[in-house]
DNA sequence: AGGGAAAAGTAATTTATATCAATTTTTTAA
DNA sequence: TTAAAAAATTGATATAAATTACTTTTCCCT
């Protein structure tokens, strides 16, 4: 079953795909003049919080976590970006530094676009301008939702919700009724949910017993997303 | 003592003041053609989450909380906006609805600018465009910081941090060495910190005993912000 | 100014979550 | 292929925070 109509997925996803989709050819070409494409292995870092930006990144294929690291090395995942999404524009637009770090969650193909080309295209394209304003404003609402989630919901509900969102991102060649395979480390899942790894494992075991999912090694197979939606209880 | 150099206040404040400051006269006038100014009493609502936007708001004088309300009526404060800040542009730029509600925390003078004037000025002013992009990107980093704070820090540290931030907002005619008076309800403070009112009261009592602040009725007087900064421990 | 309502404060208790300590399983790389 | 390392899992315990129940104080409003 599709999630449309029974879960407000837009509340939890950025829409940075829509920044480049069907951009006027002239703008698109100018943006891509000096783009370079690279394959990054799982766990490789695109950019680090605090660094000055040199360009933006486009996920041709793969998944990237955006996260912050505190003094003690503890990570907080802010967002999981998927194929088609754009990264790194916040730092350039704010004229400051990267507010977070970005690292691949799986082997990914990443295109790099130099800062100069991005800024030049931005100067000349009101469409790109408008799309960035629209995307950034939408991101505001997504992060506001995350704040409310973390401040007010217990771990069980937060984990249920993040599994629903991850399931959408991990869908490939999805067929009605099939289980979706989510391949993510327990540490990353814990960091996304805002709890300790052990709690994630415990609640996953409960969800298994309650028939919403199965696991095989680190892989999680979501078999009953409707039950998760009821549990997540997030309008 | 000033907080500059010993606390990274920019990590926790939006910079929407800078959107209108010294905007070219032509742009500014166009924006203000149909503006109307109103005095709102404490607790009055500017706009509600989920409503379609009719314009933007400028805080001529006063303080406004941005918050989300869940099904049960529980509030989560996302941000406290101060004199000079702009509100309500996210909904218009995202071409959707207000992502949060806004209500005054004290009697405030609020200017309303109709959506049409805002959009028209935006079309014609690349400076306004750039400033909005810059502000929205910075807001992203502020909300990412809030997420990390809520997910990883205990109530004591969160409260210490929010008191430091509120102190900056409540400074008026501040003289070196003076205590700053923060006038906010315990419920709002709890909602900002992401905890129950009772916990706020308890920790405030501890802070009083430890000499960082005094209270008089609902008013909180921050007398030793340096101690709070040490406690908040937030690079 | 006084009475009533709302807000603030206190204490005891329960519950959720974090932490600590191990063991088992999976993955990686020689 | 297998040994070593890394990751996942389990259980016990400690700690932080939420909840409940109540008292006291403050602040409006007539």
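Chains as they are written, first to last, in the working numbering: chain R, 1 to 235; chain C, 1 to 235. All C-beta atoms, glycine included, are put in the ideal place defined by N, C-alpha and C.
With a threshold of 16 other beta carbon atoms within 10 Å, residue 100 of chain R meets it and is buried. Comparing alpha-carbon positions, the option among R/57, R/83 and R/149 lying closest to residue 89 of chain R turns out to be R/57.
Under the 10 Å beta carbon count, residue 138 of chain C is surrounded by 16 or more other beta carbons and is classified as buried.
Distance from the CA of residue 195 of chain R to the CA of residue 170 of chain R, rounded to the nearest whole angstrom, comes to 22 Å. For chain R, the residues of the segment 129-160 of chain C that bring a beta carbon within less than 8 Å of one of its beta carbons are 129, 132, 133, 134, 136, 137, 138, 139, 140, 141, 143, 144, 145, 146, 147, 148, 150, 151 and 152, in chain order.
DSSP places residue 145 of chain C inside the alpha helix (DSSP H), whose first and last residues are 126-152. Straight through space, the alpha carbons of residue 201 of chain R and residue 226 of chain R are spaced by roughly 21 Å. Across the structure, residue 214 of chain R and residue 106 of chain R are spaced so that their CA atoms are roughly 21 Å apart.
Short of 6 Å from the beta carbon of residue 19 of chain R, and not among the five residues preceding or following it, lie these beta carbons of its own chain, in chain order: 86, 131 and 135. For residue 90 of chain C, the closest Cβ of chain R is nearer than 8 Å. If you keep only unbroken beta strand (DSSP E) runs of at least 3 residues inside the segment 158-218 of chain R, you get 180-183 and 213-216.
Residue 103 of chain R sits away from residue 63 of chain R, with the two beta carbons spaced by 8 Å or more. With respect to chain R, the C-beta atom of residue 127 of chain C has no partner C-beta closer than 8 Å.
In this structure, DSSP gives residue 3 of chain C a state outside helix and strand, which the three-state scheme calls coil. The DSSP-derived three-state label of residue 54 of chain C is coil. For residue 46 of chain C, the enclosing beta strand (DSSP E) covers residues 45-47. In the pairwise beta carbon analysis, the segment 65-83 of chain R is classified as not touching the segment 110-128 of chain R: fewer than three pairs are separated by under 8 Å. Annotation: Cβ neighbours of residue 95 of chain C in chain R (cutoff 8 Å, chain order): 134. By the neighbour-count criterion, in which a residue is buried when 16 or more other Cβ atoms sit within 10 angstroms of its Cβ, residue 91 of chain C is buried. Annotation: residue 77 of chain R is outside any alpha helix (DSSP H); the continuous beta strand (DSSP E) that includes it extends over 75-81. Proximity to residue 185 of chain R across R/11, R/9 and R/219 peaks at R/219, based on C-alpha coordinates.
Neighbourhood of residue 68 of chain C in chain R, by CB distance below 7 Å: 144 and 148, in chain order. The bridge partners DSSP lists for residue 118 of chain R come to none.
At the C-beta level, residue 193 of chain C and residue 159 of chain C come within 8 Å of one another. Within chain R, 144 and 147 have C-beta atoms less than 7 Å from the C-beta of residue 78 of chain C, given in sequence order. With fewer than 16 other CB atoms across the displayed protein chains lying within 10 angstroms of its CB, residue 5 of chain R is exposed. Put simply, the CB of residue 194 of chain R is near chain C, with a gap under 8 Å to one of its CB atoms. Using a Cβ-Cβ cut-off of 8 Å, residue 53 of chain C does not count as an interface residue toward chain R, since no Cβ of chain R sits closer than that to its own. Just so you know, the alpha carbons of residue 166 of chain R and residue 156 of chain R end up roughly 15 Å apart. For the 8 Å CB-CB criterion, residue 172 of chain R and residue 222 of chain R do not form a contact. Assignment of residue 29 of chain C by DSSP, reduced to helix, strand and coil, places it in the helix class. Residues 79, 81, 85, 135, 138, 139 and 142 of the same chain have their beta carbon placed closer than 8 Å to that of residue 14 of chain R, with the five preceding and five following residues left out of the count. If the five residues before and after residue 211 of chain C are omitted, its C-beta is found closer than 8 Å to the C-beta atoms of 223, 224 and 227, all from its own chain and listed in chain order. One finds nothing in chain R with a Cβ atom closer than 8 Å to the Cβ of residue 117 of chain C; even the nearest lies about 17 Å away. Secondary structure note for residue 37 of chain R: its beta strand (DSSP E) is the uninterrupted segment 36-40.
For residue 24 of chain C, the nearest beta carbon of chain R is not closer than 8 Å to its own beta carbon.
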